[in-house]
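A.B. asks: Residue numbers (our numbering): 32 to 130. For reference, the structure I am asking about is given below.
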């Protein structure tokens, strides 16, 4: 897959294209690493990292939309054939609803 026209937040195994500017938000992991990204991949990355946070980029309101989308997105969402039985494999919203 050609990833030259994808944002830094996109995972190499995620086949989905970017949605919007590649610097709409910046996702920070728990270790201080940062990845600018589009809203789509920003949400998918935020959902996949424990202790991550999102901050605004160039698009007004994008950070809150990414935060909300990450809440309902399963970690590593591109892995569709894996069973999702453990809390770490489900979205935050799914875990709240199953509590």
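Note that CB positions come from ideal geometry on N, CA and C, so glycine has one too.
Less than 7 Å between C-beta atoms, sequence neighbours within five positions excluded: which residues of the same chain meet that for residue 50?
C.D. replies: Taken in chain order, the residues that qualify are 69, 70, 71.
A.B. asks: Please list, in chain order, all residues of the same chain as residue 52 whose beta carbon is under 7 Å from its beta carbon, the five residues on each side excluded.
C.D. replies: Excluding sequence neighbours, residue 52 sits near 69, 89, 90.
A.B. asks: Given this structure, state the Cα-to-Cα distance separating residue 60 from residue 108, to the nearest angstrom.
C.D. replies: Roughly 18 Å between the two C-alpha positions.
A.B. asks: Just curious, the beta strand (DSSP E) that residue 58 is in, first and last residue?
C.D. replies: From DSSP, the beta strand (DSSP E) with residue 58 extends over 56-59.
A.B. asks: Report the three-state DSSP secondary structure of residue 73 (helix, strand or coil).
C.D. replies: Three-state result, residue 73: helix.
A.B. asks: Which of the three DSSP states is assigned to residue 44 in this structure?
C.D. replies: If DSSP states are grouped into helix, strand and coil, residue 44 belongs with coil.
A.B. asks: Based on the DSSP output, what are the partners of residue 118 in its beta bridges?
C.D. replies: In the DSSP output, where bridge partners are listed per residue, residue 118 has none listed.
A.B. asks: Buried or exposed: where does residue 36 fall if 16 or more other Cβ atoms within 10 Å of its Cβ makes it buried?
C.D. replies: Burial call: exposed.
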